[in-house]
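Take any residue in the sequence shown, count from 1 to its spot, add 2: that is its number in my numbering.
A virtual CB, placed ideally from N, CA and C, is assigned to each residue, including glycine.
Computed from a prediction, not measured in an experiment: that's the story for all the values here.
Notes follow the structure.
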Amino acid sequence: MSVEQPFRTVTNLRKSGNLQEAWNVGFAALEHSPQDSYLKGALFWVCYEFIKQQQERISKRAVSSNNFRPSDFEFERIENLLQTIVSFDIPTGGLEYKMLLVQFKKNLEWFPSLVNLVLRHQGALFDDESKKPFQAEKGEVPSLMLSTARQVANAWLRAREFWQLDLNQVLGFINLTRQQVADTKHLIWLDYDQAKCLIVAGQYEQARELLLPILRKKQKEAWAWGALAATYQKQDRNLALKFFAKGIVSAHDVTFSLKLLQGAIPLLLANQQSTEASMCLKAALQAYQSNGWKVKPELEQLMIQPWYDANVDESDLKAFLKSLCRDAIEYLHGPTEKVIGVIENIHKSEKGFQVFVNKSTSWSVRMGVHKSNQKPQAGDYVELSLSMKGNEKEVVASAPCQSVEMADVGSVEGELRIAPKGFGFVEDTFVPPFVIGDIANESRVTVLRIMAWDKTKSRHNWKAIKLTKAETLPLSFDDDLPF
């Protein structure tokens with residue numbers, strides 16, 4: 003009668019739910035056969051199931067808090083299991099490590115054994131499927147390799163010295179991830195994580211190379227300006243202050259600018275601007291109080307400093323910060339050229355609009371670079387900032403401006419004549435159907451028009467971009483007239 007091999011016994015016990023017995027039998031057998039790779043493989047899955055139980059508790063708790071950090075007890079249990087797995091030295095290329103990393107997609111950064119395992123094996127842990135993003139109903143979900151790389155970066159930022167993590171290994175893994183993954187949407191966040199690591203390491207130039215492309219896309223985000231400011235804090239105090247100011251005024255809510263307000267304070271004090279530093283501190287404290295949050299110890303320390311004036315009027319802070327960061331956008335793109343144009347139309351996607359400058363020049367503008375509290379409309383005048391990108395110019399900023407005289411833009415008043423096909427004319431000006439809207443035929447209108455290319459006639463002709471009904475003044479009679 004043949005005796006069942008230990009790895010089969012362990013596997014059968016695990017599958018029947020007897021994890022502790024599988025553990026006891028397996029490790030007793032491993033003492034006698036320390037090189038048995040099949041037994042190590044079977045014990046890996048026992049460890050995996052114990053880890054899974056702990057992770058399920060963490061995930062259940064995180065449903066309400068979105069906090070996947072383990073408790074001290076959970077950390078000890080899971081970290082011990084991970085150290086055991088590492089001791090097995092299971093070859094890469096199988097299913098084991100992939101399944102393990104999937105278990106830690108939300109909290110790998112809290113476990114040093116797993117972080118070091120990733121840094122040691124790097125790309126060998128990831129198959130082709132692990133490098134592809136998952137397409138979900140709400141959009142692209144990061145690939146396993148990308149989410150792992152981001153967590154490794156966060157681990158280095160938080161525990162690099164205590165866990166003895168090597169920055170070159172971290173950067174090597176990040177660069178490898180960028181080269182190998184098929185992700186598109188979330189790569190920007192990997193760049194941001196890498197930039198933060200470089201800032202902490204004092205590699206400011208390299209950090210800026212990563213941050214500037216991010217900022218060109220995220221010009222309205224406080225965190226992006228704050229990161230750029232951090233690259234100048236030790237090199238150029240005034241530039242750092244300019245970018246902190248830009249981030250603070252760009253924040254959708256003051257709570258998104260708390261770190262920036264705190265970052266600006268020592269720079270203002272170094273410039274002998276204690277009044278403005280007091281404004282920043284007071285604005286931050288009010289945000290904590292209005293949200294019912296506990297004030298951070300570092301802010302409490304600032305409150306007791308002799309320079310702080312608790313009675314300062316912080317209402318002038320925004321105007322002061324705006325004056326500091328007037329030209330901040332210029333630093334994203336180098337020298338810019340300013341041109342004025344008129345909005346010809348809004349794109350159907352509503353993600354941008356077309357700006358007419360003259361009969362040979364028009365620009366497509368992304369909504370994201372337009373700085374205004376009002377939605378842009380056809381007929382609005384805007385000032386565009388153009389920057390060289392390679393051999394071509396691109397629009398890097400747009401802002402409303404006053405109307406100006408333009409050679410190929412004009413206005414005319416007259417009667418709207420609508421043709422059966424829906425288009426119309428006002429005198430010699432062609433009016434597209436979408437410009438007419440609900441204005442009735444034979445209405446008296448004022449037309450804003452541009453000199454546009456007419457494909458059918460192969461020449462430039464007047465085309466309407468905006469119609470408004472002309473005011474009809476009531477007739478008045480002079481009492482002195484003899485009738």
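| Item | Value |
| --- | --- |
| Are the CB atoms of L450 and K465 within a distance shorter than 8 Å? | no |
| Quick check on DSSP: helix, strand or coil for M305? | helix |
| Considering only residues of the region 60-143, which uninterrupted beta strand (DSSP E) runs meet the minimum length of 3 residues and lie entirely inside it, listed in chain order? | 136-138 and 141-143 |
| With DSSP as the reference, please indicate the residues paired to Y383 in a beta bridge. | V344 |
| Look at the Cβ atom of H335, then the Cβ atom of S389, and state whether they are nearer than 8 Å. | yes |
| For Q356, which beta-bridge partners are listed by DSSP? | N347 and S366 |
| Quick check on M3: does DSSP put it in helix, strand or coil? | Below a pLDDT of 50, predicted positions are generally treated as unreliable, and M3, at 41, falls in that range; the measurement from the model is reported next regardless. Three-state result, M3: coil. |
| Are M369 and G381 closer than 8 Å when you measure CB to CB? | no |
| Figure out for me which residue from E131, L110, S445 and S115 has the closest Cα to the Cα of R152. | L110 |
| Might you give, ordered along the chain, the residues of its own chain that have their beta carbon closer than 7 Å to the beta carbon of G289, omitting 5 neighbours on each side? | Checking the sequence, you will find Ala at residue 289 rather than Gly. Hits under 7 Å: V256, T257 and L260. |
| Roughly how many angstroms lie between the CA atoms of S387 and L217, to the nearest whole one? | 16 Å |
| Going by the DSSP bridge assignment, what does M390 pair with across the sheet? | K395 |
| Hey, how far is the Cα of F46 from the Cα of D168? | 27 Å |
| Here's the rule: buried if 16 or more other CB atoms are within 10 angstroms of the residue's CB, otherwise exposed. What is P135? | buried |
| Which whole-angstrom value is the C-beta distance of S374 and P402, which I expect to be below 8 Å? | 5 Å |
| Just the C-alpha distance for W365 and V397, rounded to the nearest angstrom, thanks. | 7 Å |
| Give the secondary structure of A161 by DSSP, where H, G and I count as helix, E and B as strand, and everything else as coil. | helix |
| Go to W455, then tell me how far its beta strand (DSSP E) extends in each direction, as first and last residue. | R446 to D456 |
| For T470, collect the residues of the same chain with a Cβ closer than 7 Å to its Cβ; drop the 5 residues on either side in sequence, then sort them by chain order. | V447 and T448 |
| Are the CB atoms of K107 and Q182 nearer to each other than 8 Å? | no |
| Give a yes or no on whether the C-beta atoms belonging to T94 and A126 are separated by under 8 Å. | yes |
| Please report how far the alpha carbon of K361 lies from the alpha carbon of G426, in whole angstroms. | 21 Å |
| With three or more C-beta pairs closer than 8 Å as the rule, is the region 315-326 touching the region 340-355? | no |
| Quick one: Cα of L212 to Cα of S405, how far? | 38 Å |
| Roughly how many angstroms lie between the CA atoms of Q221 and R16, to the nearest whole one? | 53 Å |
| What would DSSP say about K220, mapped onto helix, strand or coil? | coil |
| How close, in whole Å, do the beta carbons of F128 and L146 come, if the pair is a contact with beta carbons under 8 Å? | 7 Å |
| At the level of alpha carbons, what is the spacing between I92 and N393? | 52 Å |
| Could you pull out every residue in the same chain whose Cβ sits closer than 8 Å to the Cβ of A203, ignoring the five residues on either side in sequence? | L169 |
| Do the CB positions of Y206 and T233 come within less than 8 Å of each other? | yes |
| With which residues is G416 paired in a DSSP beta bridge? | V447 |
| Would the beta-carbon of L148 fall within 8 Å of that of C199? | no |
| Whose CA, out of A330, L178 and S325, lies closest to the CA of V228? | In the sequence as presented, Val is not what sits at residue 228; that position holds Gly. Ranking A330, L178 and S325 by Cα distance to G228 puts A330 first. |
| By the DSSP assignment, the alpha helix (DSSP H) with A272 in it spans what residues? | L260 to A272 |
| Within 10 angstroms of its Cβ, does H372 collect 16 or more other Cβ (buried), or is it exposed? | buried |
| Of the residues I438, D410, G412 and A266, which one's Cα is nearest the Cα of K423? | I438 |
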